[in-house]
Amino acid sequence: WRAIFLTTDSNGSPTGAKEIAKTITKVVFEEGAATSGTAGMFYGWTALREADLSKLSTSSATDMWCMFKGCTKLETVDLSGLNTTSVTYMDEMFNGCQSLQALNVSNFDTSKVTTMKSMFANCSSLKTLDLSSFNTQKCSNFSYMFNGCSQLTTITVGENWTTTNQKNWSQMFQNCTNLVGGNGTTYVANKGKEYAIIDGTDGKPGFLTGSSQVHTHSFSYTAEGAAIKATCSATTGTCGLTGKTVTLTLK
417 WRAIFLTTDS NGSPTGAKEI AKTITKVVFE EGAATSGTAG MFYGWTALRE ADLSKLSTSS
477 ATDMWCMFKG CTKLETVDLS GLNTTSVTYM DEMFNGCQSL QALNVSNFDT SKVTTMKSMF
537 ANCSSLKTLD LSSFNTQKCS NFSYMFNGCS QLTTITVGEN WTTTNQKNWS QMFQNCTNLV
597 GGNGTTYVAN KGKEYAIIDG TDGKPGFLTG SSQVHTHSFS YTAEGAAIKA TCSATTGTCG
657 LTGKTVTLTL K
């Protein structure tokens, strides 16, 4: 792999990266790197596989539009250092990151974000997405937000997720054919705002899983018959193991 360690110029752009953007496979920001605008920062970096932004200061950034759009080979990204408290635009932030299998955005403060259009669109390798830290009270545009996330099975949201101000939700979940809500609701095409809720809220179906619906399974091993037993005692949502013991015999 070819790697580059970046600082930023006076405009907040990666120093010297523009000319070789399509050949860089790894990016690491050094201590003290800062930017006031991350919009399009890695847009079209088609060779990028790994990005470490843990030391990048973004406290004054307001726009993260298309930040990683088109990074088709991106597999690992560390966003733990990003400060998003002033960000209002997150349109297409990860659009087309088709190689990402996991994405940690747990530190994101989205309380000022007004649009998340196509934010995770075409992230076709993502299987789960935890948005439990997201506050969407000011967000009005969710159109195409998860469009094309064909492997996505679970979207977890927290108590600050709301669609009260939602004005545009066109094809929000289009082609999310493996998506299942926290209460067992399976994918139905051409559903938007009405399904952008935690499954089971007020008895209504939804494609989202509430953080309180997430549960884990316990496993135990016994020498008798060389079996592994999996049990689930979930009290919310539905699960194939709820109230049951499944025995897997090892041969």
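Each residue of the sequence shown is one higher than the last, beginning at 417 in the numbering used here. Backbone N, C-alpha and C define an ideal beta-carbon position, used for all residues, glycine too. It should be emphasised that the depicted structure is a prediction, and the values quoted were computed from it without experimental measurement.
- DSSP links F623 through a beta bridge to no other residue.
- According to the DSSP secondary-structure assignment, K543 is paired through a beta bridge with no residue.
- Contact between the stretch 522-539 and the stretch 495-513 is established, with three or more Cβ pairs separated by less than 8 Å.
- In the structure shown, K609 falls within a helical segment according to DSSP collapsed to helix, strand and coil.
- For V529, there is no enclosing beta strand (DSSP E), as DSSP marks it with neither H nor E.
- Close CB contacts of E447 within its chain, under the 6 Å cut and outside five residues either way in sequence, are with K471 (chain order).
- Close CB contacts of D479 within its chain, under the 8 Å cut and outside five residues either way in sequence, are with G453, T454, A455, V503, T504, Y505 (chain order).
- Exclusion of the five residues before and after Y603 leaves F589, C592, T593, N594, L595, V596, F623 as the residues of its chain whose Cβ lies within less than 8 Å of its Cβ.
- In the DSSP assignment, V503 forms no beta bridge with any residue.
- Listed as beta-bridge partners of E466 by DSSP are K442, T492.
- With fewer than 16 other Cβ atoms inside 10 Å of its own Cβ, E575 counts as exposed.
- For T617, the three-state secondary structure derived from DSSP is helix.
- Here G598 is buried. Its C-beta has 16 or more other C-beta atoms within 10 Å.
- V573 and S627 have their C-alpha atoms roughly 6 Å apart.
- For N520, DSSP records no beta bridge to any residue.
- Within its own chain, the residues whose Cβ lies closer than 6 Å to the Cβ of V493, once the five positions on either side in sequence are excluded, are A467, listed in chain order.
- When secondary structure is reduced to three states using DSSP, S628 falls in the helix class.
- Annotated three-state conformation of D479 is strand, per DSSP.
- Counting along the chain, V596 sits inside no beta strand (DSSP E), nor does DSSP assign it H or E at all.
- As a beta-bridge residue in DSSP terms, T570 pairs with T544.
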